[in-house]
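Residue numbers (the numbering used here): 20 to 284.
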């Protein structure tokens, strides 16, 4: 059933949507994310307003919603870049509010911004980011990642000479240097041409390997194609959550329009 805020949805569609936040996590499944009552206050405005989210390990969650819905605010919390004003957050079995440092090496982030250093080579970038984690640079893993993202032949070239698509591929390698269990993606397709987007898809498929993914996207079609689970935020609240196996793309698009009431990509 649809969660609060989805009351205008027809019974047939709403019946395919689980309750707010509980994304197929029943039956004792291990949870990658267990968020309860997350609130984020920005002065008099609430960026998040009581968000609950229980996501099973190994899932791929796509988060949708209009501008200002709270998508980036939620992702920043999951990336350990921001703390909630209220609420609890457990990730990968660790209390993210009490022990954030124990989680940092288990989380990777891929953004629409590459977060790479243009004057450094591809290899130097990976060496630098690898040095931020316990154990320091792992040369064998860096070589493996460069081959994985098909940039081994450009390993010694400055990143400023790379195309947007090449930089995003290197961003995947950057996010995986610590071999994370949870990978976060913030509008990763922004600025990619169709060919680069297809290559990005293929690379993400290659590195799924039981990892849990959470992606924020404005592209409803692309985001829904990739996910196993989907979440719609509006006004800082979860208004719909669904397992993709329970609702097809056309019905989910209708559900988005009915609950959010704005156009989609």
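Even glycine gets a Cβ: it sits at the ideal position worked out from N, Cα and C. Given the structure is predicted, the values throughout are model-derived calculations rather than measurements.
Give the DSSP bridge partners of residue i, in chain order.
i           : result
residue 107 : 55
residue 261 : 249
residue 147 : Residue 147 is not bridged to any residue.
residue 140 : 177
residue 68  : 58
residue 96  : For residue 96, which the question treats as bridged, DSSP gives no partner whatsoever.
residue 231 : 201
residue 113 : 110
Rounded C-beta distance between residue i and residue j? I'm assuming under 8 angstroms.
i           : j           : result
residue 116 : residue 107 : 7 angstroms
residue 251 : residue 83  : 5 angstroms
residue 222 : residue 168 : 6 angstroms
residue 239 : residue 190 : Not quite, the Cβ-Cβ distance comes to about 23 angstroms (not below 8 angstroms), so this is no contact.
residue 177 : residue 137 : 6 angstroms
residue 263 : residue 88  : With 8 angstroms as the limit, residue 263 and residue 88 do not qualify as a contact, their Cβ atoms being about 20 angstroms apart.
Use the C-beta contact count for residue i: other C-beta atoms within 10 angstroms, 16 or more gives buried, fewer gives exposed.
i           : result
residue 246 : buried
residue 207 : buried
residue 132 : exposed
residue 205 : buried
residue 172 : exposed
residue 26  : Because residue 26 carries a pLDDT of 34, less than 50, the predicted location of this residue cannot be relied on, and the following value inherits that uncertainty. The residue in question, residue 26, is exposed, as its Cβ has fewer than 16 Cβ neighbours within 10 Å.
residue 231 : buried
residue 97  : buried
residue 193 : buried
Tell me where the alpha helix (DSSP H) around residue i begins and ends.
i           : result
residue 319 : Only positions 20 to 284 of the chain appear in the structure, and residue 319 is not among them; the question remains open.
residue 184 : 183-195
residue 279 : 268-279
residue 167 : 158-167
Examine the ligand FMN and report whether any of its heavy atoms sits within less than 7 angstroms of the Cβ of residue i.
i           : result
residue 196 : The ligand FMN is absent from the structure shown, which contains no ligand whatsoever.
CB-CB under 7 angstroms to residue i, same chain, minus the five flanking residues each way: which ones, in chain order?
i           : result
residue 121 : 113
residue 271 : 243, 249, 261
residue 159 : none
residue 156 : 146, 149, 150
Along the chain, where does the beta strand (DSSP E) that runs through residue i open and close?
i           : result
residue 201 : 201-205
residue 211 : Premise fails: residue 211 is in no beta strand (DSSP E) and is neither H nor E.
Considering only residues of the same chain and omitting the five flanking positions on each side of residue i, which have a CB-CB separation below 6 angstroms?
i           : result
residue 161 : 145
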